[in-house]
Amino acid sequence: MAPTRTLDLSRVQLIASDLDGTLIVGGFNAGKISPRTVSALHAIEKKGLRIIFASGRPTRTMIHAVDQAEGLEHLLCICCNGAQILDSHTRTIIKKFSIPPDHVRAIIKQVKTALGPHVLLAAESDVHYKSESGFDEQCGKVMQGKPVLVDNDPIEGFLKKPGSEEEDTVENLLLTHRTWPASQLYEFLQTQVFADPKWKSMIHLTFSSSHFVEICAAGVSKASALAYLCNKLDVDPINLIAFGDMPNDIEMLKFAGIAVAMGNAHESVKAIADLTTETNEEDGVAVVLEKIVQL
Numbered sequence: 001m002a003p004t005r006t007l008d009l010s011r012v013q014l015i016a017s018d019l020d021g022t023l024i025v026g027g028f029n030a031g032k033i034s035p036r037t038v039s040a041l042h043a044i045e046k047k048g049l050r051i052i053f054a055s056g057r058p059t060r061t062m063i064h065a066v067d068q069a070e071g072l073e074h075l076l077c078i079c080c081n082g083a084q085i086l087d088s089h090t091r092t093i094i095k096k097f098s099i100p101p102d103h104v105r106a107i108i109k110q111v112k113t114a115l116g117p118h119v120l121l122a123a124e125s126d127v128h129y130k131s132e133s134g135f136d137e138q139c140g141k142v143m144q145g146k147p148v149l150v151d152n153d154p155i156e157g158f159l160k161k162p163g164s165e166e167e168d169t170v171e172n173l174l175l176t177h178r179t180w181p182a183s184q185l186y187e188f189l190q191t192q193v194f195a196d197p198k199w200k201s202m203i204h205l206t207f208s209s210s211h212f213v214e215i216c217a218a219g220v221s222k223a224s225a226l227a228y229l230c231n232k233l234d235v236d237p238i239n240l241i242a243f244g245d246m247p248n249d250i251e252m253l254k255f256a257g258i259a260v261a262m263g264n265a266h267e268s269v270k271a272i273a274d275l276t277t278e279t280n281e282e283d284g285v286a287v288v289l290e291k292i293v294q295l
């Protein structure tokens, strides 16, 4: 956490924003960056400040947001809730924080033992998206991209590159329940499936959608990826402002010198924020960025 939490916008050097429900207008994984927000982002960059998109999105859907930003020159992207960092120019993953293979196996066995056929799994593995049959249908239209199906052997399927025996990495495991919303599944996983203290050293559990819960390696979050980038960019976190709306943004908001919740944010997010701006549909991020530009 940053050492102090005042609202001196003049000290801001770095902006980090969640996408869905925050920077973007419209539905999960399907919305757009509004013209007003695009204009504000370019004005921020012209002022000499750096911008980071920080999302639960994988690289394949992060690219859509990059394109909508219309040519930001120095944009960096945190994907999969901190498990991947994307260079928006080369469109390559420049850093990964993967779940160790033995942990992937243990997680899946634990989940399947507890919930059996009631839970379906998917994984973001480097640039590959893999899932059990029915995962996308269960999540409605929020997932994008055709998955590689791993029904014959989900555990090893997630850990092998498609059509190869070569090992693949897993940055993010996704879990959806056939009848429960993500909040209920999250609570059950925390209190029943992963209640043993040993799991705290193995996984980081969160959710940013009503459809699925996400698992990263222990210690991996948007905040940990921001800490890595702050070090690389030589920016003190006290000079970072962050915007978010869901529980997977909380670590990032606590890490930033200034934490901004959206008007539409989850109550747990508003509770730890320094200020609450307008909703994403009202260009709440742009409202604050325009104030920074005017300083």
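Counting along the sequence shown from 1, when you hit position 200 you're at 200 in UniProt numbering, and nothing is skipped either side. By construction, the Cβ of each residue, glycine as well, lies at the ideal position given by its N, Cα and C atoms. Only a predicted model underlies this, so the values are computations on that prediction, with no experimental measurement involved.
Sorting Ile44, Met62, Ser17, Lys96 by C-alpha distance to the C-alpha of Tyr228 places Lys96 at the top. Contact between Asp168 and Lys160 holds: their C-beta atoms lie close to 6 Å from each other, under 8 Å.
Contact fails between the region 120 to 127 and the region 218 to 238, because fewer than three Cβ pairs, one in each stretch, are under 8 Å apart. Residue state for Cys80 is assigned as helix, using DSSP reduced to three classes.
Here Glu166 carries a coil assignment [DSSP, helix/strand/coil].
Under the three-state reduction of DSSP output, Ser39 falls in the helix class. Val12 carries a coil assignment under DSSP once its states are collapsed to helix, strand and coil.
For the 8 Å CB-CB criterion, Glu70 and Val38 form a contact. Taking each of Glu267, Pro237, Leu240, Val235 in turn and checking the Cα distance to Pro247, the smallest one comes out for Glu267. For Arg60, no beta strand (DSSP E) run applies; the uninterrupted alpha helix (DSSP H) run containing it begins and ends at 59 to 68, by DSSP. If you look at Arg105, you'll find it in the alpha helix (DSSP H) that goes 101 to 115. For Ser224, the enclosing alpha helix (DSSP H) covers residues 222 to 233.
Phe53 sits in a strand when the DSSP states are folded into three classes. By the Cβ neighbour-count rule, His74 is exposed, with fewer than 16 other Cβ atoms within 10 Å of its own. According to DSSP, residue pairing for Tyr129 in a beta bridge involves Glu124. The beta-carbon separation of Leu275 and Leu14, rounded to 17 Å, does not stay under the 8 Å limit for a contact. DSSP, read as helix, strand or coil, puts Glu290 in helix. Taking all protein chains in view, the Cβ of Asp153 is surrounded by fewer than 16 other Cβ atoms within 10 Å, so the residue is classified as exposed. Across the structure, Thr92 and Leu289 are spaced so that their CA atoms are roughly 28 Å apart. Scanning its chain for C-beta atoms nearer than 6 Å, with the 5 sequence neighbours on each side dropped, one finds around Ser131 the residues Ala122, Pro147, in chain order. From the listed residues Val213, Glu166, Ser183, the smallest Cα separation to Leu173 is found for Val213.
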